[in-house]
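A.B. asks:
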Amino acid sequence: MKNKSIIRLSFFILIFFVVFSLFFCEEKPKNEMTVLIRMMDIQDLWFREKMKEFEKENDVKLNIVTFDKVEDVKKMIELELKSGKKNIGLVKTAYEMVYPLAKGDYLIPLKEIIDTLQLKDDLSEYLPLSLEIGTIDGEVFYIPRKLETYLMFYLKSKVEDVLNNWEKDRAKIDEMLKQVNGYGLPKGYILEKDPNLWDFYDLVVLSYFWANHPYFGLKLPRMAHRGKKYAGTTNELYTRIFELGGDQKDIIEMDTDPVVDMFWWEGFFVKNNLYNPGMWEQSWSGGGIWKAISEGQVFLAFMHQIDLFFIHGGSDPTMTGYLKEPEDLGIAIMPVGVSLEIGSSGIPKRKGEHKSNLYGWWWGIPKTSPSPELSYKLARFITNKVNQIEECSRFGMFPVRVDVTKEISKTFFKDWKREVFEVSQKQFEKGTKPSPSLFSLPLLNKNYLDAWYEIAVEKKLTDRKEIKSVLKKYAQKNKEILNLGKTER
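Read in the numbering used here, the sequence shown has 396 at position 404, and its numbers run on one by one without any break.
(1) Assuming contact is defined by CB atoms lying nearer than 8 Å, are Phe300 and Ile323 in contact in what I supplied?
(2) Less than 8 Å between the beta carbons of Ala86 and Val62, yes or no?
(3) What is the rounded straight-line gap between the Cα of Glu258 and the Cα of Ile459?
(4) With DSSP as the reference, label Glu439 as helix, strand or coil.
(5) So what does Pro136 bridge to, in DSSP terms?
(6) What is the rounded straight-line gap between the Cα of Glu41 and the Cα of Val90?
(7) Give the straight-line distance between the Cα atoms of Gly76 and Asp253, rounded to the nearest whole angstrom.
(8) Phe260 and Thr454 look like a contact to me (Cβ under 8 Å); what is the Cβ gap, rounded to whole Å?
(9) How would you label Lys465, buried or exposed, when you count the other beta carbons within 10 angstroms and need 16 or more for buried?
(10) Between the Cα of Lys283 and those of Arg410, Ser367 and Arg218, spot the shortest distance and give me the residue it belongs to.
(11) Starting from Glu24, trace the alpha helix (DSSP H) both ways and give me its first and last residue.
(12) In angstroms with no decimal places, state the Cα-to-Cα distance between Asn437 and Ser461.
(13) Pull up the distance between the alpha-carbon of Thr231 and that of Asp51, whole angstroms please.
(14) Among Asp166, Ser307, Ile135 and Val328, which residue has its Cα nearest to the Cα of Ile34?
(15) DSSP three-state label for Gly81, please.
(16) Are Gly388 and Ile298 touching if we call contact CB-CB under 8 Å?
(17) Report the rounded CA-to-CA distance for Leu169 versus Trp158, giving the unit in angstroms.
(18) Cα separation between Lys221 and Thr108?
(19) For the putative contact between Leu212 and Ala203, defined by C-beta atoms under 8 Å, what is the C-beta separation to the nearest angstrom?
(20) With distances taken Cα to Cα, identify the nearest neighbour of Val132 among Leu54, Val251, Ile105 and Tyr142.
(21) Please report how far the alpha carbon of Leu266 lies from the alpha carbon of Pro364, in whole angstroms.
(22) What do you get for Asp186, buried or exposed, if any count of 16 or more other CB atoms within 10 angstroms of its CB means buried?
(23) How should Asp242 be labelled, buried or exposed, when 16 other C-beta atoms within 10 angstroms of its C-beta is the threshold for buried?
(24) Given a threshold of 16 other Cβ atoms within 10 Å of its Cβ, counted over all protein chains shown, does Ile182 qualify as buried or as exposed?
(25) Going by CA-CA distance only, name the one from Arg386, Gln289 and Glu382 that's closest to His304.
(26) Does DSSP classify Gly322 as helix, strand or coil?
(27) Straight-line CA distance for Leu71 to Asp129?
(28) Using the rule of at least 16 other Cβ atoms within 10 Å of the residue's Cβ for burial, across every protein chain shown, is Gln171 buried or exposed?
(29) Which same chain residues, not among the five before or five after Ile69, have their C-beta less than 8 Å away from its C-beta?
(30) When DSSP builds the beta bridges, which residues end up paired with Met254?
(31) Can you give me the C-alpha to C-alpha distance between Gly174 and Gly338, rounded to a whole angstrom?
(32) Relative to the alpha-carbon of Ser348, which residue among Asn23, Thr141, Phe59 and Ile100 has its alpha-carbon at the smallest distance?
(33) So what does DSSP say about Glu458, is it helix, strand or coil?
(34) Ala223 lies in the alpha helix (DSSP H); which residues open and close that run?
(35) What residue range does the beta strand (DSSP E) around Phe145 cover?
(36) Is Thr397 helix, strand or coil by DSSP?
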């Protein structure tokens, strides 16, 4: 009995020390912080692994929380500010929320966190363009994460087919265009072999040929862009406006020539069965277009760098790609925008440039951060040279670091990866423009989506005067949206 009592006592003492060590002796992290992100699944996994490295090196616990819509970040910070808690330390911020979060007093200017000289030295590592967008009224609020711009994706073999055979359809294409512009193809028109020289009339020739000749046993429109009701589609529409010579002012006014011309082209492509209807019938986002490419439904589309990596596949072990023959992937800068309207000389009355919409994501430090210095350190960690090269090489993010972009030809060894980034650099040289910086940009985006669905998808309008008439109500709505934005400040 005595021995049993001793054993019991020893057992309880052992349990006591185990519990004591678990609750009192275990070394706990000194800090805990929440990071708000939204990423594709495999990129999310990569990011979380990197966070484990940071946790270990900095004795911190990071809670990674995924948000759904880009506007959710603002709501989540608002709720925490009202509660008086301080958990959210870093937020991944989409372009359309960069301005509202900074101007809405949700973020801490970086100069309030880091010594001025150190901050200046740190920021010199990032591309000026990426810093410019994250600078609001002269104050730098963001560490850049990545830039995105549209490039033209096409299948080399299918373009070659058109180059060799389209002339037999010239008369039909001329007649189709004549019904709208009274002239047909521009005077002296040829389809250039180099896709980097194309304009909107080349898209007409390509899409007409593909839609009117059977591939895989079917006649089907095989050109596409995003059609889902989200910012990705409005960025496509804004790109067309920029290509047609417009700018942010035109987007806001919504009834100027570049905007009218954009909707005119959109109505033309839809009415003449040149866009794949999956765009609106299935609400295609980028992923929907990838799938359509894999099924032989799309031969040409307008894709970001990350889209092209997923379409090609092979940059990450889990990315199998969407092409049976990845070497068939072609990449070019965006086409020149030209008007459907033809002048007396037989050439388009209005001509734009090879422009593209500029988009991206930034890291912001909210006023809810439990440790702004640690938040800054984390943003710098995830954008350091080693991590930037690894993430860009795996997922196709266009780098925001000067030292990485200067060494693209040396850094990205595979030819196809290097081509994606080199063509991207050419696109940046040709010109990119961001959407307007507004509190109410999401509402502006919705207004454009509503207009696109009415003018192009539902009514399929191809009369310029009628399009201008319909746009009046949407232009008025834009004015109301801008006034609403002023009251939100």
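Each residue gets a CB set at the ideal place from its N, CA and C atoms; glycine is no exception.
C.D. replies: So, to answer that:
(1) Taking the first residue of the sequence shown as position 1, residue 300 is located at position 308. Taking the first residue of the sequence shown as position 1, residue 323 is located at position 331. Correcting the residue type first, residue 300 is Leu in the shown sequence and not Phe. Note that the C-beta distance between Leu300 and Ile323 is below 8 Å.
(2) Counting from 1 along the sequence shown, the entry for residue 86 is found at position 94. Counting from 1 along the sequence shown, the entry for residue 62 is found at position 70. Yes, these two residues count as a Cβ contact at 8 Å.
(3) Start at 1 with the first residue of the sequence shown, and residue 258 comes out as number 266. Start at 1 with the first residue of the sequence shown, and residue 459 comes out as number 467. Going from the Cα of Glu258 to the Cα of Ile459 covers about 11 Å.
(4) By one-based count along the sequence shown, residue 439 stands at place 447. At residue 439 the sequence reads Asn, which differs from the Glu that was named. In this structure, DSSP gives Asn439 a helical state, which the three-state scheme calls helix.
(5) Taking the first residue of the sequence shown as 1, we reach residue 136 at position 144. Trp354.
(6) By one-based count along the sequence shown, residue 41 stands at place 49. By one-based count along the sequence shown, residue 90 stands at place 98. Whole-angstrom Cα-Cα distance: 26 Å.
(7) Reading the sequence shown from its first residue, position 84 is the one you call residue 76. Reading the sequence shown from its first residue, position 261 is the one you call residue 253. Between Gly76 and Asp253, the C-alpha separation is close to 50 Å.
(8) Here the question's residue 260 lines up with position 268 in the sequence shown. Here the question's residue 454 lines up with position 462 in the sequence shown. About 5 Å separates the two Cβ atoms, so the contact holds.
(9) Reading the sequence shown from its first residue, position 473 is the one you call residue 465. With fewer than 16 other Cβ atoms within 10 Å, it is exposed.
(10) In the sequence shown, the residue the question calls residue 283 occupies position 291. Of Arg410, Ser367 and Arg218, the residue nearest in Cα terms is Arg218.
(11) Here the question's residue 24 lines up with position 32 in the sequence shown. In the DSSP assignment, Glu24 falls outside any alpha helix (DSSP H) and within the unbroken beta strand (DSSP E) covering Asn23 to Ile29.
(12) Position 445 of the sequence shown holds residue 437. Position 469 of the sequence shown holds residue 461. Taking the straight line from one Cα to the other gives about 20 Å.
(13) Along the sequence shown, read from residue 1 onward, the residue named residue 231 stands at position 239. Along the sequence shown, read from residue 1 onward, the residue named residue 51 stands at position 59. Near 45 Å, if we compare the C-alpha coordinates of Asp51 and Thr231.
(14) The residue you call residue 34 lines up with position 42 of the sequence shown. Each of Asp166, Ser307, Ile135 and Val328 was checked against the Cα of Ile34, and the nearest Cα belongs to Ser307.
(15) On the sequence shown, residue 81 is found 89 positions in, with the first residue counted as 1. Strand at Gly81.
(16) In the sequence shown, the residue the question calls residue 388 occupies position 396. In the sequence shown, the residue the question calls residue 298 occupies position 306. Yes.
(17) Locating residue 169 in the sequence shown gives position 177, counting from the first residue. Locating residue 158 in the sequence shown gives position 166, counting from the first residue. Cα to Cα, the separation comes out at about 15 Å.
(18) If you number the sequence shown from 1, residue 221 lands on position 229. If you number the sequence shown from 1, residue 108 lands on position 116. Rounded to whole angstroms, Lys221 to Thr108 spans 42 Å at the Cα level.
(19) Taking the first residue of the sequence shown as position 1, residue 212 is located at position 220. Taking the first residue of the sequence shown as position 1, residue 203 is located at position 211. In this structure, Leu212 and Ala203 form a Cβ contact; the two beta carbons are roughly 7 Å apart against a cut-off of 8 Å.
(20) By 1-based counting over the sequence shown, the position of residue 132 is 140. Residue Ile105 is the option with its Cα nearest to Val132.
(21) Numbered from 1 along the sequence shown, position 274 holds the residue referred to as residue 266. Numbered from 1 along the sequence shown, position 372 holds the residue referred to as residue 364. Cα to Cα, Leu266 sits roughly 52 Å from Pro364.
(22) Start at 1 with the first residue of the sequence shown, and residue 186 comes out as number 194. Classification for Asp186: exposed.
(23) To locate residue 242, count along the sequence shown from 1; it is residue 250. Buried is the call here.
(24) In the sequence shown, the residue the question calls residue 182 occupies position 190. Around the beta carbon of Ile182, fewer than 16 other beta carbons sit within 10 angstroms, so the residue counts as exposed.
(25) For the purposes of this step, residue 304 is taken as the residue at position 312 of the sequence shown. Closest by alpha carbon: Arg386.
(26) On the sequence shown, residue 322 is found 330 positions in, with the first residue counted as 1. Assigned with DSSP and collapsed to three states, Gly322 falls in strand.
(27) Counted from its first residue, the sequence shown places residue 71 at position 79. Counted from its first residue, the sequence shown places residue 129 at position 137. In a straight line, the C-alpha of Leu71 is about 26 Å away from that of Asp129.
(28) To locate residue 171, count along the sequence shown from 1; it is residue 179. That one is exposed.
(29) Counting from one through the sequence shown, the residue named residue 69 turns up at place 77. Taking C-beta separations shorter than 8 Å and ignoring five residues to either side along the sequence, the partners of Ile69 in its chain run Ile80, Val83, Leu93, Tyr98, Pro358, Lys359 and Thr360, following chain order.
(30) Counted from its first residue, the sequence shown places residue 254 at position 262. Paired residues: none, contrary to the question.
(31) As a working note, residue 174 is residue 182 in the sequence shown. As a working note, residue 338 is residue 346 in the sequence shown. The straight-line gap from Cα to Cα measures roughly 11 Å.
(32) Residue 348 sits at position 356 when you count from the first residue of the sequence shown. Just measuring C-alpha positions, the residue of Asn23, Thr141, Phe59 and Ile100 sitting nearest Ser348 is Thr141.
(33) If you number the sequence shown from 1, residue 458 lands on position 466. When secondary structure is reduced to three states using DSSP, Glu458 falls in the helix class.
(34) Mapped onto the sequence shown, residue 223 falls at position 231. Ala223 -> alpha helix (DSSP H) spans Ala223 to Glu235.
(35) Position 153 of the sequence shown, counted from the start, is the residue given in the question as residue 145. Per DSSP, Phe145 belongs to the beta strand (DSSP E) from Leu143 to Leu147.
(36) On the sequence shown, residue 397 is found 405 positions in, with the first residue counted as 1. Reduced to three states, the DSSP call for Thr397 is helix.
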